[in-house]
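Accompanying notes for the structure given below.
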Amino acid sequence: MLKLSCFWYGVILCNAIYLLIDTVTVMGLTAAMALSLPQQRLLPTRPPASLLGARVVSSVLVMQAINVLGLGVGVGVGLGLGFLTLTLTLT
């Protein structure tokens, strides 16, 4: 999101700023995870989901479909408004 706003305003940040932002984010998340405590009451059974279960696989496929649809809409809008141009070279 930061990179998109920089492109919008015509500002290009150096890589050190991105490294600083990522470092602050990672250190903040690391501190939050290290200082968090477990729940007071843990359930006696584990969740029923597995990595290749129907729920997980369908969730991933639906998310990919939404991403592809968004990409298609973005490219279509870009082509329609003249932001993007496709050039085909036949050799």
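Note that the working numbering has the sequence shown beginning at 1293, numbered continuously upward. The beta carbon of each residue, even a glycine, is placed where N, CA and C say it ideally should be. This structure is a prediction, so every number in the text was calculated from the model and none was measured.
Residue i versus residue j: straight-line alpha-carbon distance, rounded
i: F1299; j: L1335; result: 48 Å
i: P1330; j: G1366; result: 42 Å
i: V1316; j: R1347; result: 34 Å
Enclosing alpha helix (DSSP H) for residue i [first to last residue]
i: Q1356; result: 1346-1373
i: T1337; result: Taken as a continuous stretch (DSSP letters only), T1337 belongs to no alpha helix (DSSP H), as it is neither H nor E.
i: V1316; result: 1307-1327
Minimum Cβ-Cβ distance from residue i to chain B less than 8 Å
i: L1335; result: Looking for chain B here will not work: only one protein chain is present.
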